[in-house]
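Residue numbers (the numbering used here): 413 to 536. Glycine is no exception: its CB is placed at the ideal position from the N, C-alpha and C atoms. These numbers come from a predicted model, not from an experiment. Heads up, the thing below is written out as structure tokens.
See below:
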């Protein structure tokens with residue numbers, strides 16, 4: 413019997429939905445990624461585009477309001493303490509603390525559509 417968390421739970425030996433998804437998606441990703449890389453190597457494709465994904469996970473870090481979604485029209489109690497600045501993409505604003513990222517905004521994506529009702533991010 414293996415434990416994936418220190419959480420004591422009467423169900424699934426402490427395995428949360430999030431842990432289950434992480435384990436399942438990790439396995440699927442690993443299996444699919446290996447096959448995809450092998451096929452790409454065998455095809456001899458001349459596709460020189462670099463492909464990458466960087467996930468910035470800031471546990472305890474600044475909020476979205478203080479970084480990538482400053483909400484300049486929101487009430488003062490809601491929006492972050494820093495002023496918004498324009499980015500390389502018309503109509504998109506970042507915090508004034510992200511000047512270099514604002515200049516490079518056309519080169520990456522920020523996902524703002526994820527939401528949940530949990531105030532405790534670790535709750536899953």
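Mind checking residue i: buried by the 16 CB within 10 Å criterion, or exposed?
{"i": "residue 505", "result": "buried"}
{"i": "residue 499", "result": "buried"}
{"i": "residue 441", "result": "exposed"}
{"i": "residue 435", "result": "exposed"}
{"i": "residue 526", "result": "exposed"}
At what residues does the alpha helix (DSSP H) containing residue i begin and finish?
{"i": "residue 512", "result": "511-515"}
Pull up the DSSP beta-bridge partners for residue i, would you.
{"i": "residue 501", "result": "The partner list for residue 501 (beta bridge, DSSP) is empty, contrary to what the question assumes."}
{"i": "residue 484", "result": "The partner list for residue 484 (beta bridge, DSSP) is empty, contrary to what the question assumes."}
If distances are taken between C-alpha atoms only, which option among the options comes closest to residue i?
{"i": "residue 481", "options": "497, 516, 468", "result": "497"}
{"i": "residue 524", "options": "450, 473, 429, 483", "result": "483"}
Check the C-beta distance from residue i over to residue j and give it rounded, since I have them as a contact under 8 Å.
{"i": "residue 479", "j": "residue 455", "result": "Not confirmed; about 39 Å, so no contact."}
{"i": "residue 515", "j": "residue 494", "result": "Their Cβ separation, rounded to whole angstroms, is 17 Å, which puts residue 515 and residue 494 out of contact at 8 Å."}
{"i": "residue 517", "j": "residue 501", "result": "5 Å"}
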